[in-house]
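In the numbering used here, the protein residues as written are 397 to 585.
Step one of this worksheet: look at the structure below.
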């Protein structure tokens with residue numbers, strides 16, 4: 397008998413299927429920062445929060461001089477868990493106090509990265525979100541078996557360069573799928 401090792405999806409996108417019933421995740425694209433035997437953690441990358449970086453910085457760093465270009469940057473709703481906590485997913489040179497090295501990217505939760513961004517010393521590419529999406533051990537695997545999600549390798553052009561409303565369909569197209577042609581009815585053959 398051959399035993400297969402689990403396949404984890406770190407650095408992949410999760411594409412919500414059209415029949416996703418949970419309104420917190422309907423029509424979302426998630427970047428998986430971590431996925432292992434203990435569970436998974438990711439950030440929704442296509443749902444702007446209605447806040448910009450200037451709004452966040454006014455709350456966290458009153459009196460900080462915020463350049464207009466930085467202040468206008470969109471902050472995303474990264475997920476329903478700890479929605480008051482900020483996350484900066486980024487690549488490029490630089491390391492900040494609360495940075496976790498994810499391999500090709502870093503995830504930073506400390507305020508020092510935001511201050512450096514206002515001073516022009518931030519990362520080359522960055523994505524700012526409040527909150528995250530999380531799954532307990534085995535939960536994401538069950539959702540994948542239930543066809544709640546499609547997955548594909550992450551494309552950093554989609555993450556850092558495309559407009560938020562284009563990201564979900566671009567990720568699906570990378571798999572050769574047109575989401576508008578999929579039914580919202582779930583089922584198994």
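Ideal Cβ placement from N, Cα and C applies to all residues, glycine included.
Rounded straight-line distance, which links the Cα of residue j to that of residue i
{"i": "residue 592", "j": "residue 453", "result": "The chain is shown only over 397 to 585; residue 592 falls outside these bounds and no answer can be derived."}
{"i": "residue 562", "j": "residue 513", "result": "25 Å"}
{"i": "residue 488", "j": "residue 519", "result": "6 Å"}
{"i": "residue 427", "j": "residue 421", "result": "13 Å"}
{"i": "residue 540", "j": "residue 404", "result": "12 Å"}
{"i": "residue 523", "j": "residue 435", "result": "23 Å"}
{"i": "residue 415", "j": "residue 407", "result": "24 Å"}
{"i": "residue 399", "j": "residue 506", "result": "The predicted position of residue 399 is uncertain, since its pLDDT is 45 and thus under 50; a value taken from the coordinates is nonetheless stated next. Residue 399 and residue 506: Cα-Cα distance of roughly 41 Å."}
Where residue i sits in the DSSP three-state scheme
{"i": "residue 469", "result": "coil"}
{"i": "residue 424", "result": "coil"}
{"i": "residue 510", "result": "helix"}
{"i": "residue 411", "result": "strand"}
{"i": "residue 440", "result": "strand"}
{"i": "residue 552", "result": "helix"}
{"i": "residue 404", "result": "coil"}
{"i": "residue 491", "result": "coil"}
{"i": "residue 418", "result": "coil"}
{"i": "residue 517", "result": "coil"}
Residue range of the unbroken alpha helix (DSSP H) whose run includes residue i
{"i": "residue 501", "result": "Element bounds for residue 501: n/a, residue is neither H nor E."}
{"i": "residue 536", "result": "535–541"}
{"i": "residue 576", "result": "Neither: residue 576 is in no alpha helix (DSSP H) and is coded neither H nor E."}
{"i": "residue 566", "result": "560–570"}
{"i": "residue 450", "result": "449–456"}
Status (buried if at least 16 other CB within 10 Å, exposed otherwise) for residue i
{"i": "residue 443", "result": "buried"}
{"i": "residue 425", "result": "buried"}
{"i": "residue 477", "result": "exposed"}
{"i": "residue 491", "result": "exposed"}
{"i": "residue 432", "result": "exposed"}
Residue i vs residue j beta-carbon contact at 9 Å
{"i": "residue 510", "j": "residue 445", "result": "no"}
{"i": "residue 448", "j": "residue 469", "result": "yes"}
{"i": "residue 533", "j": "residue 437", "result": "no"}
{"i": "residue 516", "j": "residue 463", "result": "yes"}
{"i": "residue 472", "j": "residue 441", "result": "yes"}
{"i": "residue 536", "j": "residue 410", "result": "yes"}
Any C-beta of chain C under 9 Å from that of residue i
{"i": "residue 441", "result": "Of the protein chains in this structure there is only one, and it is not chain C."}
N-terminal and C-terminal residue of the beta strand (DSSP E) that residue i is part of
{"i": "residue 460", "result": "That residue, residue 460, is in no beta strand (DSSP E); it is neither H nor E in DSSP."}
{"i": "residue 527", "result": "521–532"}
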